[in-house]
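**Student:**
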Amino acid sequence: MSVYRGISFSVIFIIVVCCTSGAAGFEGPPRLGEWLGGEPANGYFAGAGLRKYVNSFTSYQFANPYPPGQDPLSRLEFPIDQWFFALKTGYAGPGWSAEIYGLTNITGVSRAMMQDSDWTDGDNPGQKTVFSESHCKMNGGFVVDLKVEAAWRFNPESRFRPLAGWRVQRFSFTTFDGIQFEQGAAPLELPGEGIEFKQTFYHYYGGAAFRHAFDGGRYTFLLPRMTLDMAVDYGFVTAGNEDLHLLRTGHRVTRENTRGHVWHASLKACFLYTPDILMELEGEFMRVVSHGSHQLTNPVEFLDISWDGAKVWSDQASVSMTAQISF
């Protein structure tokens with residue numbers, strides 16, 4: 001799916017839900033106190049939209065298991081700046097809600113470069129000796145997030161919302177057409193595909209959100225009612241990597257199995273056009289850090305060794321827009 005098809009689908013979705021609401025004879029939203037927090041009416045809801053990752057990456061590194069034990073010995077960083085198409089659905093009950101949210105990438109080639117660095121000089125372990133950059137394509141990326149929330153009322157306009165959830169992220173990359181720089185050597189072009197990399201995160205998290213409603217119509221007819229959500233969650237992560245070096249002899253694969261933590265913060269504005277239709281604008285940031293083992297296998301060279309000292313981490317910043325209808 002191209003980014004243009006994703007945008008077109010989202011626009012069509014908004015038009016359809018607006019027309020549906022009009023056909024149902026909507027007479028205007030209730031007073032803010034009647035519609036606590038500006039939330040959708042109780043019942044099922046569904047939405048569609050777009051997410052854009054900005055200045056984001058996922059990375060891993062590993063240490064040298066032999067003296068002098070450089071840490072890191074090698075580090076690889078893969079950019080994430082693609083557009084994603086979003087779908088969500090769920091159910092809102094009195095004082096609680098459950099939601100499933102999914103993302104899949106609709107663009108592939110990143111504007112940023114993948115970076116690969118090595119520290120191979122045992123006499124000077126702090127000196128980076130090899131550096132390469134390559135173009136990078138996301139072959140497939142998806143996120144699935146299942147979340148449940150409760151709601152505690154402070155007043156008719158505010159709620160505190162404890163939450164818990166499970167999230168899975170999977171990214172698949174291929175690097176191509178790179179260039180390598182090494183101490184004491186001329187730059188080396190790396191034509192064609194270089195690395196196939198797959199990474200999966202499983203998140204188990206809990207946190208809280210604070211929601212406050214604003215009635216923009218009190219100030220100007222140009223502003224709809226809206227809510228502002230501020231949320232923070234923290235959780236535990238298990239991660240798995242697989243890295244196939246296509247330019248190396250044989251079938252050289254490295255794998256990392258790690259455990260760690262994740263924290264995530266978001267700020268979301270919901271613009272409420274009717275009790276059944278809203279538009280969401282959201283910015284969020286997530287950081288994942290985990291540590292564990294590194295495995296190197298290559299049947300041609302009779303290699304199959306494992307050691308500790310691997311680190312996997314990812315910084316993910318994004319902005320998104322979603323249209324939602326309740327029914």
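Mapping of the sequence shown onto full-length UniProt numbering: position 17 corresponds to residue 17, and the numbering continues sequentially without gaps. Quick reminder that beta carbons are idealized off the backbone N, C-alpha and C, glycines included.
1) Step through the CB atoms of chain B and report whether any lies within less than 9 Å of the CB of residue 54.
2) Tell me the rounded alpha-carbon separation between residue 316 and residue 289.
3) Where do the ends of the beta strand (DSSP E) carrying residue 81 lie?
4) Alpha carbon to alpha carbon, how far is residue 141 from residue 185? Give it in angstroms, no decimals.
5) If you drop the 5 nearest sequence neighbours on each side, which residues of the same chain put their C-beta closer than 6 Å to that of residue 149?
6) Alpha carbon to alpha carbon, what distance is there between residue 147 and residue 105?
7) Which residues mark the beginning and the end of the beta strand (DSSP E) in which residue 331 is found?
8) Checking the sheet assignment: what are the DSSP bridge partners for residue 96?
9) Taking the C-alpha atoms as reference points, what is the distance between residue 122 and residue 314?
10) Buried or exposed: residue 189, going by 16 or more other Cβ atoms within 10 Å of its Cβ?
11) Could you check how far apart the C-beta atoms of residue 328 and residue 168 are, in whole angstroms? I think they sit under 8 Å.
12) When you compare the segment 206 to 217 with the segment 246 to 259, are there three or more beta-carbon pairs, one atom per stretch, that lie closer than 8 Å?
13) How about residue 151 and residue 89: are their beta carbons less than 9 Å apart?
14) Flag this pair as yes or no: are the beta carbons of residue 199 and residue 242 separated by less than 9 Å?
15) With residue 267 and residue 283 assumed to form a contact (beta carbons below 8 Å), what rounded beta-carbon distance in angstroms separates them?
16) What does the alpha-carbon distance come out to for the pair residue 85 and residue 254?
17) Taking all protein chains shown into account, decide if residue 62 is buried (16 or more other Cβ within 10 angstroms of its Cβ) or exposed.
18) Tell me which residues share the same chain as residue 194 and place their Cβ nearer than 7 Å to its Cβ, disregarding the 5 neighbours each side in the sequence.
19) According to the Cβ coordinates, are residue 76 and residue 114 closer than 9 Å?
20) Whose C-beta lies closer than 8 Å to the C-beta of residue 279 among residues of the same chain, with five residues either side of it excluded?
21) Using a threshold of 9 Å, state whether the C-beta atoms of residue 131 and residue 181 are closer than that.
22) With distance defined between alpha-carbon atoms, name the residue in 103, 210, 239 and 109 nearest to residue 51.
23) Please list the terminal residues of the continuous beta strand (DSSP E) segment that includes residue 60.
24) I'd like to confirm the pairing. Which residues does DSSP put opposite residue 70 in its beta bridges?
25) If you draw a straight line from the C-alpha of residue 139 to the C-alpha of residue 259, how long is it?
26) Near residue 127, which residues of its chain fall below 6 Å by C-beta distance, leaving aside the five closest residues on each side in sequence?
**Tutor:** The answer reads as follows:
1) Among the chains of the structure shown, chain B does not appear; only one protein chain is present.
2) Position 316 of the sequence shown, counted from the first residue, corresponds to residue 316. Position 289 of the sequence shown, counted from the first residue, corresponds to residue 289. Each residue's alpha carbon lies about 12 Å from the other.
3) On the sequence shown, residue 81 is found 81 positions in, with the first residue counted as 1. Residue 81 -> no beta strand (DSSP E), and no H or E assigned at all.
4) Counting from 1 along the sequence shown, the entry for residue 185 is found at position 185. Counting from 1 along the sequence shown, the entry for residue 141 is found at position 141. If you draw a straight line from the Cα of residue 185 to the Cα of residue 141, it comes to about 36 Å.
5) Your numbering for residue 149 matches position 149 in the sequence shown. Excluding sequence neighbours, residue 149 sits near 97, 161 and 163.
6) Mapped onto the sequence shown, residue 105 falls at position 105. Mapped onto the sequence shown, residue 147 falls at position 147. Taking the straight line joining both Cα atoms gives about 21 Å.
7) Here the chain comprises residues numbered 1 to 327, so residue 331 is not present and cannot be evaluated.
8) Taking the sequence shown and counting its residues from 1, the one referred to as residue 96 is at position 96. Bridge partners of residue 96 according to DSSP: 93 and 150.
9) Reading the sequence shown from its first residue, position 122 is the one you call residue 122. Reading the sequence shown from its first residue, position 314 is the one you call residue 314. Distance from the CA of residue 122 to the CA of residue 314, rounded to the nearest whole angstrom, comes to 28 Å.
10) Your numbering for residue 189 matches position 189 in the sequence shown. Residue 189 comes out exposed.
11) Given a span of 1 to 327 for the chain in the structure shown, any question on residue 328 remains unanswerable.
12) No: the two stretches stay apart, fewer than three of their Cβ pairs being nearer than 8 Å.
13) By 1-based counting over the sequence shown, the position of residue 151 is 151. By 1-based counting over the sequence shown, the position of residue 89 is 89. The answer is no: Cβ separation not under 9 Å.
14) On the sequence shown, position 199 is the one that residue 199 refers to. On the sequence shown, position 242 is the one that residue 242 refers to. It is a contact, given that the beta carbons lie within the stated cut-off.
15) As a first step, residue 267 is located in the sequence shown; it is residue number 267 there, counting from the start. As a first step, residue 283 is located in the sequence shown; it is residue number 283 there, counting from the start. Between residue 283 and residue 267 the Cβ distance is about 5 Å, and since that is below 8 Å, they are a contact.
16) In the sequence shown, counting from the first residue as 1, residue 85 sits at position 85. In the sequence shown, counting from the first residue as 1, residue 254 sits at position 254. Going from the Cα of residue 85 to the Cα of residue 254 covers about 31 Å.
17) As a position in the sequence shown, residue 62 is number 62, starting the count at 1. Counting Cβ neighbours within 10 Å, residue 62 comes out buried, since at least 16 surround it.
18) The residue labelled residue 194 in the question sits at position 194 within the sequence shown. Answer for residue 194: 134, 175, 176, 178, 246 and 247, listed in chain order.
19) Translated into the one-based positions of the sequence shown, residue 76 becomes position 76. Translated into the one-based positions of the sequence shown, residue 114 becomes position 114. A contact, by the Cβ cut-off of 9 Å.
20) Here residue 279 corresponds to residue number 279 of the sequence shown, with the count starting at 1. Excluding residues up to 5 positions away in sequence, 14, 270, 271, 273, 321, 322, 323 and 324 lie with their Cβ nearer than 8 Å to the Cβ of residue 279 in the same chain.
21) Here residue 131 refers to the residue found at position 131 of the sequence shown. Here residue 181 refers to the residue found at position 181 of the sequence shown. Going by C-beta atoms, residue 131 is nearer than 9 Å to residue 181.
22) Residue 51 sits at position 51 when you count from the first residue of the sequence shown. Of 103, 210, 239 and 109, the residue nearest in Cα terms is 103.
23) Here residue 60 refers to the residue found at position 60 of the sequence shown. Segment 56 to 62, the beta strand (DSSP E) holding residue 60.
24) Taking the sequence shown and counting its residues from 1, one reaches residue 70 at position 70. Residue pairing of residue 70 in beta bridges, as defined by DSSP: absent, with no partner found.
25) Taking the first residue of the sequence shown as 1, we reach residue 139 at position 139. Taking the first residue of the sequence shown as 1, we reach residue 259 at position 259. Across the structure, residue 139 and residue 259 are spaced so that their CA atoms are roughly 25 Å apart.
26) Start at 1 with the first residue of the sequence shown, and residue 127 comes out as number 127. Around residue 127: 121.
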